[in-house]
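Protein chains in written order, with this note's numbering: chain H, 3 to 344; chain U, 2 to 260. Here is the structure we will look at.
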């Protein structure tokens with residue numbers, strides 16, 4: 003049976019000396035997907051991306067792209083584009099020449115070259131900047147030049163390293179829209195690396211959460227956000243109340259505590275976002291150690307027999323003072339069941 | 002008030018100390034008398050004219066020019082790849098290599114000259130010009146490596162990776178995106194190397210042979226024989242040449258950024 007995957011990593015392992023950065027990673031990506039590699043620094047996401055680009059050679063394992071084994075193919079012959087975090091524009095060349103760089107190496111000249119570069123620059127809205135040097139552009143413009151420079155090569159896969167991290171909030175939204183548009187219009191398979199779960203959730207079709215050189219969980223943004231599979235993923239996407247589960251009881255600082263309701267089969271832990279904690283009713287009681295106002299809501303930090311609990315209440319409700327005793331419930335049916343509790 | 006006055010006086014003395022000898026030499030160049038003296042006796046251009054008449058000055062100038070250009074060129078041909086390797090790769094004993102390459106700056110020229118004479122020129126019977134060329138290359142190499150390394154350190158290495166991902170080979174990336182961006186550093190290294198080689202005395206002193214002398218050595222010899230102001234005139238001309246080169250370099254590449 004043929005592999006339906008467009009890009010696949012099979013048992014990919016990369017080591018620097020004794021340090022294993024990526025450990026037997028398996029990953030399949032379909033053509034035209036927009037994938038986020040999400041994880042904290044040192045999780046191996048950047049190493050994985052550089053291996054796909056051909057800038058690092060794996061110690062073992064294979065990389066296949068479009069039906070071809072490219073594990074040993076040079077980075078200059080892979081048809082993989084990369085938009086660097088620093089953009090890596092050539093400082094001595096104009097915007098036009100930056101975008102033309104790869105096309106010239108392909109042998110394009112004259113009218114062909116001109117029109118390809120023009121349309122590349124047009125697609126990122128920088129036609130009028132073609133004569134400028136990179137240093138004369140803003141960060142956002144530089145990034146769009148880098149994007150155009152990669153896209154005019156019509157890569158099979160476009161990799162982006164932390165594409166939004168160097169931009170301010172307004173540009174971030176703009177670039178996010180831009181990337182989605184480019185992906186939609188060209189159908190290019192895109193993989194971007196990020197440590198920001200918000201970026202991954204907003205942009206990706208599928209998120210690959212990485213930890214310690216391996217895949218922790220793969221899923222759609224909804225799946226990752228609502229049903230994190232492990233304690234690490236739950237913590238990473240904002241579940242702040244996480245407990246190990248043993249024999250139907252929560253394992254807390256004060257020992258096992260029984261809860262109402264039946265946790266799903268196979269769950270080794272349960273996790274609640276602050277908003278999932280019900281306040282002013284329920285079997286538990288805690289005292290308010292901290293309150294912070296967060297716009298539409300108010301966040302409470304409670305000292306409880308279970309340990310510290312973070313809860314959230316509508317900001318229109320009257321505020322509870324420090325030291326006040328509050329009842330609360332951890333509804334099992336709302337909790338995310340964790341399959342792994344590593 | 003007093004402190005700013007003190008400062009002005011110290012500054013003035015310092016400037017005088019730096020520029021004073023130069024003024025003396027220039028003044029002596031245009032002397033009307035026939036011995037090297039300050040203050041000059043009268044004014045004439047005869048010594049400036051004489052510089053161009055002395056046959057040995059012409060040939061030693063040509064040799065110094067030849068050495069400065071080719072030794073610097075050779076030092077760059079060796080030094081650019083060396084700097085690149087030191088900057089981009091983790092080389093075993095990289096720091097040691099850097100130190101060894103820099104050693105001709107630290108070791109007194111007289112020792113370098115003696116060592117080269119004793120262990121290179123005498124046992125291998127190397128031609129004087131070749132010996133001078135090799136010695137000057139070694140002397141210029143530290144400057145080449147140092148200045149080019151500084152340029153490379155300021156250049157992000159990811160532009161090379163970007164070039165490779167756009168289809169260039171590694172070597173192609175070096176010539177297409179590294180070289181153009183360190184051009185200023187290379188030119189600065191060339192000028193620094195040129196001036197270093199051209200003004201080199203101690204090493205050349207050991208290696209110069211009969212009839213084959215670099216300009217500074219020739220000038221020393223000339224002064225021992227003839228105490229007329231033509232050496233002053235020649236010194237002034239050389240000083241203006243150096244000033245001219247550095248001025249143009251500053252104007253076009255911002256020389257002082259690199260050294």
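Glycine residues also receive a C-beta, built at the ideal position from the N, C-alpha and C atoms.
{"Asked": "Under 7 Å by beta carbon: chain H residues contacting residue 168 of chain U", "Found": "78, 104, 107, 108"}
{"Asked": "Buried/exposed call for residue 241 of chain U, threshold 16 Cβ in 10 Å", "Found": "exposed"}
{"Asked": "Identity of the residues DSSP links to residue 243 of chain H by a beta bridge", "Found": "H:274"}
{"Asked": "Beta bridge counterpart(s) of residue 331 of chain H as assigned by DSSP", "Found": "H:280"}
{"Asked": "Positions along the segment 177-188 of chain U whose CB lies within less than 7 Å of some CB in chain H", "Found": "178, 181, 182"}
{"Asked": "Residue of H:32, H:33, H:19, H:15 minimising C-alpha distance to residue 25 of chain H", "Found": "H:15"}
{"Asked": "C-beta neighbour in chain U for residue 121 of chain H, strict 9 Å", "Found": "no"}
{"Asked": "Residue nearest to residue 298 of chain H in terms of C-alpha spacing, selected from H:134, H:316, H:115", "Found": "H:316"}
{"Asked": "Partners in chain H for residue 164 of chain U, counting only beta-carbon separations shorter than 8 Å", "Found": "92, 103"}
{"Asked": "Continuous beta strand (DSSP E) assignments of at least 3 residues falling wholly in the segment 63-125 of chain H", "Found": "82-85"}
{"Asked": "Nearest-angstrom Cβ-Cβ length linking residue 91 of chain H and residue 100 of chain H, presumed shorter than 8 Å", "Found": "5 Å"}
{"Asked": "Beta-carbon spacing of residue 219 of chain U, residue 36 of chain U below 9 Å", "Found": "no"}
{"Asked": "Minimum Cβ-Cβ distance from residue 239 of chain H to chain U less than 9 Å", "Found": "no"}
{"Asked": "Three-way DSSP call (helix, strand, coil) for residue 190 of chain U in this model", "Found": "helix"}
{"Asked": "CB contact flag (residue 189 of chain H, residue 83 of chain H, <9 Å)", "Found": "no"}
{"Asked": "Three-state secondary structure (DSSP) of residue 219 of chain H", "Found": "strand"}
{"Asked": "Chain-ordered chain H contacts of residue 160 of chain U [CB-CB under 7 Å]", "Found": "90, 92"}
{"Asked": "The beta strand (DSSP E) enclosing residue 302 of chain H, as first and last residue numbers", "Found": "299-306"}
{"Asked": "Beta-carbon gap between residue 145 of chain H and residue 89 of chain H smaller than 9 Å", "Found": "yes"}
{"Asked": "DSSP state of residue 57 of chain U mapped onto helix, strand, coil", "Found": "helix"}
{"Asked": "CB contact check: residue 57 of chain H to chain B, cutoff 9 Å", "Found": "No chain B appears in this structure, whose protein chains are H and U."}
{"Asked": "Short CB-CB distance (under 9 Å) between residue 95 of chain U and chain H", "Found": "no"}
{"Asked": "For residue 160 of chain H: DSSP bridge partner residues", "Found": "H:83, H:192"}
{"Asked": "Partners in chain H for residue 226 of chain U, counting only beta-carbon separations shorter than 7 Å", "Found": "Correct list: empty, because the minimum Cβ distance to chain H is about 52 Å."}
{"Asked": "Residues of its chain near residue 44 of chain U, where Cβ-Cβ distance is below 6 Å and the 5 sequence neighbours each way are ignored", "Found": "31, 33"}
{"Asked": "Coil, strand or helix - residue 155 of chain H by DSSP", "Found": "coil"}
{"Asked": "Residue interval of the beta strand (DSSP E) (run including residue 337 of chain H)", "Found": "Counting along the chain, residue 337 of chain H falls outside any beta strand (DSSP E), and DSSP gives it neither H nor E."}
{"Asked": "Interface flag, residue 157 of chain U vs chain H, CB-CB below 9 Å", "Found": "yes"}
{"Asked": "Three-pair Cβ contact test at 8 Å for the segment 302-319 of chain H versus the segment 199-213 of chain H", "Found": "no"}
{"Asked": "C-alpha gap between residue 232 of chain U and residue 163 of chain U, whole angstroms", "Found": "55 Å"}
{"Asked": "Contact set between the segment 136-157 of chain H and chain U, restricted to residues whose Cβ is under 9 Å from the partner", "Found": "148, 151, 152, 155, 157"}
{"Asked": "Candidates H:141, H:159, H:148, of which the one nearest residue 172 of chain H by Cα", "Found": "H:141"}
{"Asked": "Neighbour flag for residue 33 of chain U against chain H, beta carbons, 9 Å", "Found": "no"}
{"Asked": "Nonlocal neighbours in the same chain, by C-beta distance under 7 Å from residue 238 of chain U, ignoring five residues either side", "Found": "52"}
{"Asked": "CB contact check: residue 173 of chain U to chain H, cutoff 9 Å", "Found": "yes"}
{"Asked": "Coarse secondary structure for residue 7 of chain U, derived from DSSP in three states", "Found": "helix"}
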